[in-house]
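Residue numbers (the working numbering), protein chains in the order written: chain R, 2 to 277; chain F, 10 to 202. Quick reminder that beta carbons are idealized off the backbone N, C-alpha and C, glycines included.
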């Protein structure tokens, strides 16, 4: 790793404090940072909790409900991503009931989209495909809806295939919070909910889009991809978003993929597909 | 006929609406096909050329979705004569590529367009020899009861081998099939390829 040009500063929030909140996670007593979420605690300790809409570097959405956990004394199942630890909290990250809930959620996502892995650009690098394997979804016990949403290929570099969209809003949040362009939104509700660009325009006509490609990097499925990507060729880069968020907070750390961070000007555009 | 506990297991495969890729992957069992032949009789499927689905089958791997009346009849014959039905590959499990036509709605409009409105064809939708299309392509479990799901496009030969021999073990030992499915490693399940 080359010398970091910006001195590392402690990140804001929980990590600057000491872990002093006693929590029980799956029967083991552990110490959490004040303000730490159950999900962050579990990840720090290597306890797997499945997630889909959660993305490091952007705000919490809590839409997919995959990270539900059980907390002693709570009737409802709180979301690990949106629940901060509190003293003497007893959390269970897995149980027969939780596994059943997660399987149902994944199966319902398959049922309401058109997720044909064999013909998808994301096959082999898809978080939904991986979740089916992880949660044990071997078939969809609900009626498959076979939707026929519009594909938007109007952008010169990218394509939006709404049939593969799981409405996780990663792209919405990334574009708004990191790029500051706010091209994406969800229109309508329930089964009519759909991802729209600009004022429900063709993506290619949205003047505020900077073509940075962060939405494409962040998409967990094959809904957003580069023009010309063939089946199984899509390579998402969700870690890019946390890297950019950290970098803007003044923390320069090497990427998981071995790339070494550099000041923005020296490194040039990190995002694939950036306009020349 | 001997009882199922003393005779060799009877195994079938079936090819509904699919590309035969799952059967190609089945052939990729290579030397394990000898192991299969040693302990079971393969009584139906593209590899046997039998015309009518036999009775008293222990295990049937069903490739493909249900898209026409032939598929429907064969699926029902399979269920009526098989102890353990395996939904074999993504087309059987989800409809997969075969079900892409569902987004276009009822196929009668499509047939009209292709066979009747097309200037070079006979002007009638063919009804002889070819089976009629169902309004919607269905995964196998929406048509008949399915005992085990083996996703993949196609399932790899390793996954087929693991499932096939675990199921044969359970059938021979008279064990519960659900326990075999529950004992699968997560990696044995994967949609797509």
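- Taking C-beta separations shorter than 6 Å and ignoring five residues to either side along the sequence, the partners of residue 38 of chain F in its chain run 166 and 170, following chain order.
- The segment 140-158 of chain F and the segment 93-108 of chain F touch, with no fewer than 3 CB-CB distances between them shorter than 8 Å.
- For residue 106 of chain F, the nearest CB of chain R lies under 7 Å from its own CB, placing it at the interface with that chain.
- Secondary structure remark: continuous alpha helix (DSSP H) runs of at least 4 residues inside the segment 71-152 of chain F, in chain order: 78-90, 99-103 and 116-120.
- The Cβ neighbour count for residue 60 of chain F, taken over all protein chains shown within 10 Å, is under 16; the residue is labelled exposed.
- The segment 234-247 of chain R and the segment 48-63 of chain R touch, with three or more beta-carbon pairs separated by less than 8 Å.
- By the C-beta criterion, the segment 149-159 of chain R is judged not to be in contact with the segment 60-80 of chain R, since fewer than 3 inter-stretch pairs fall below 8 Å.
- Within 10 angstroms of the beta-carbon of residue 130 of chain R lie 16 or more other beta-carbons, which makes it buried.
- The residue among R:67, R:189, R:247 and R:127 with its C-alpha nearest the C-alpha of residue 106 of chain R is R:67.
- Annotation: residue 50 of chain F is outside any alpha helix (DSSP H); the continuous beta strand (DSSP E) that includes it extends over 50-53.
- With a threshold of 16 other beta carbon atoms within 10 Å, residue 40 of chain F falls short and is exposed.
- Residue contact with chain F for residue 230 of chain R: absent (no Cβ-Cβ distance below 7 Å to any residue of chain F).
- Residues 54, 62, 64 and 187 of the same chain have their beta carbon placed closer than 7 Å to that of residue 170 of chain R, with the five preceding and five following residues left out of the count.
- If you compare the alpha carbons of R:185, R:190, R:194 and R:211 with that of residue 200 of chain R, the shortest gap goes to R:185.
- Residue environment: residue 115 of chain R is assigned as buried (16 or more neighbouring CB atoms within 10 Å of its CB, all protein chains considered).
- Per DSSP, the beta bridge partners of residue 19 of chain F are F:50.
- As DSSP reads the structure, residue 158 of chain F sits in a beta bridge with F:96.
- The Cβ-Cβ distance between residue 56 of chain F and residue 93 of chain F does not fall below 7 Å.
- The contact set of residue 147 of chain R on chain F, defined by CB atoms closer than 7 Å, consists of 108, 111 and 112 in chain order.
- Using a Cβ distance threshold of 7 Å, residue 22 of chain R and residue 86 of chain R count as a contacting pair.
- With a threshold of 16 other beta carbon atoms within 10 Å, residue 144 of chain F falls short and is exposed.
- One thing to note: residue 201 of chain F has its Cβ within 7 Å of the Cβ of residue 119 of chain R.
- The beta carbon of residue 83 of chain R sits closer than 6 Å to those of 61 and 63, all from its chain and outside the five residues before and after it, given in chain order.
- Under the DSSP assignment, residue 219 of chain R falls in the alpha helix (DSSP H) whose first and last residues are 215-219.
- In the DSSP assignment, residue 128 of chain R falls within the alpha helix (DSSP H) that extends over 128-136.
- If you ignore the 5 residues before and after residue 141 of chain R, its C-beta comes within less than 6 Å of the C-beta of 108, 111 and 112, all in its own chain and listed in chain order.
- The segment 174-188 of chain F and the segment 98-117 of chain F do not touch, with fewer than three beta-carbon pairs separated by less than 8 Å.
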